[in-house]
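Below is one structure; the comments refer to it alone.
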Ligand SMILES: [Zn+2]
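Residue numbers (the numbering used here): 3 to 81.
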């Protein structure tokens, strides 16, 4: 099964810069009101900024470990 992943972090100004760690999310088939990262961090869509390529800082280590370690069960999505 193909997973579509999104890398996102807290929107600018919503938290301090040191807390804007990029997290990894599975994009669900439907648009939820919130996304939950592999590490368990949960964000309303309005709180997220999608991260592209060179914008990214050091990603969340827990997300990296959980997203790319088989079997990688996606987090449950609510919304
Ligand atoms: Zn994370």
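Glycine is no exception: its CB is placed at the ideal position from the N, C-alpha and C atoms.
Straight across, the Cα-Cα distance linking residue 41 with residue 15 is about 22 angstroms. Contact between residue 11 and residue 22 holds, since their C-beta atoms are separated by about 5 angstroms, short of 8 angstroms.
The C-beta distance from residue 38 to residue 78 rounds to 7 angstroms, short enough to fall under 8 angstroms.
By the beta-carbon neighbour count (other beta carbons within 10 angstroms, threshold 16), residue 26 is buried.
Linking residue 65 to residue 57 through their CA atoms gives a straight-line distance of about 18 angstroms.
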